[in-house]
Structures are given as structure tokens and as C-alpha cells.
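Report on one structure; see the data block that follows.
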Amino acid sequence: METAKMESVPIINEEDIKHFNWKNQQIILTEKGKHKFTDMKIPLSGLPIVMTLNGRKIYSLWFWNVFSSFGCDRVFTFPTIDFKIQFGLPKNYSFGTDPRFNKKLREYVVSKYNQ
Numbered sequence: 575m576e577t578a579k580m581e582s583v584p585i586i587n588e589e590d591i592k593h594f595n596w597k598n599q600q601i602i603l604t605e606k607g608k609h610k611f612t613d614m615k616i617p618l619s620g621l622p623i624v625m626t627l628n629g630r631k632i633y634s635l636w637f638w639n640v641f642s643s644f645g646c647d648r649v650f651t652f653p654t655i656d657f658k659i660q661f662g663l664p665k666n667y668s669f670g671t672d673p674r675f676n677k678k679l680r681e682y683v684v685s686k687y688n689q
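Under the numbering used here, the very last position in the sequence shown is 689; numbers go up by exactly one each time.
Right, here's the structure in full:
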């Protein structure tokens, strides 16, 4: 399995995010943000990414390919469908602890997106 590493240029950044629904763990992209996924090739085995806040790693997750038949037992999202960040697939077969509700990220998202 691949591990995510930080690149010098992010795939998406704050300008590409219209809203982050903390309770539902869903990112809503701007039109510019959606366009970044138009030509992006996400492998069937997924694309490991890193979520950062102010240049610091919050957690790793996977961009998942909509045509993949693989299951993901960690944090993943289908960025070309709904960008809902999920943990574990199928249910009750997750690996490790769920990192999505990071305290620093929560403080930032709740403040930034008025939740």
C-alpha cells in the first residue's frame, strides 16, 4: 500500500473550498475546485493524499476511484462524486482510529464556515 507524502503544490487549497460541513464531513468545492478533478486520473487502487492545516499534516486519506471494486478500511472520499469524507468500508471493518474529527481542524472549520 502506498503512503501519502506532502507535495510542494496542493491538489486543492482553501480557495477551492466553498464550504466544509463539519457534522457531515463533506467538502463542497467551488467551480474552480471541481475543475481540478476534470482531468485527474485517480488509480483504481486510490490516490493517497494528506490533509493539512497551516502547512501541518492533520491526517492522511484516500481519493477513491468511482469505478474501483476495492474496499477501503481507512479514511477516504470520492472527490468526483460528493467529497464526503468517510471512515471504513464496509462498516465495522475499519483499521485504526478515526482521525476525521481532529480538534484543531474542527476549531478552524467551525470558525471559518460559521457552524
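Each residue gets a CB set at the ideal place from its N, CA and C atoms; glycine is no exception. Keep in mind that this is a model prediction, so the values were computed, not measured.
{"Check": "Beta-bridge partners of residue 651, as assigned by DSSP", "Outcome": "637"}
{"Check": "Residue 575 burial status per 10 Å Cβ neighbour count (16 or more: buried)", "Outcome": "Low confidence applies to residue 575: its pLDDT is 46, below 50, so where it sits in the model is not reliable, and the reading given next is rough at best. Residue 575 is exposed by the Cβ-count criterion."}
{"Check": "Candidates 607, 642, 659, 677: closest to residue 648 by CA position", "Outcome": "659"}
{"Check": "Contact with chain C by residue 595, beta-carbon distance below 9 Å", "Outcome": "This model lacks chain C altogether, as it is built from one protein chain only."}
{"Check": "For residue 679, three-class secondary structure by DSSP", "Outcome": "helix"}
{"Check": "Candidates 589, 610, 635, 617: closest to residue 599 by CA position", "Outcome": "635"}
{"Check": "Of the listed residues 586, 631, 625, nearest to residue 609 (C-alpha basis)", "Outcome": "586"}
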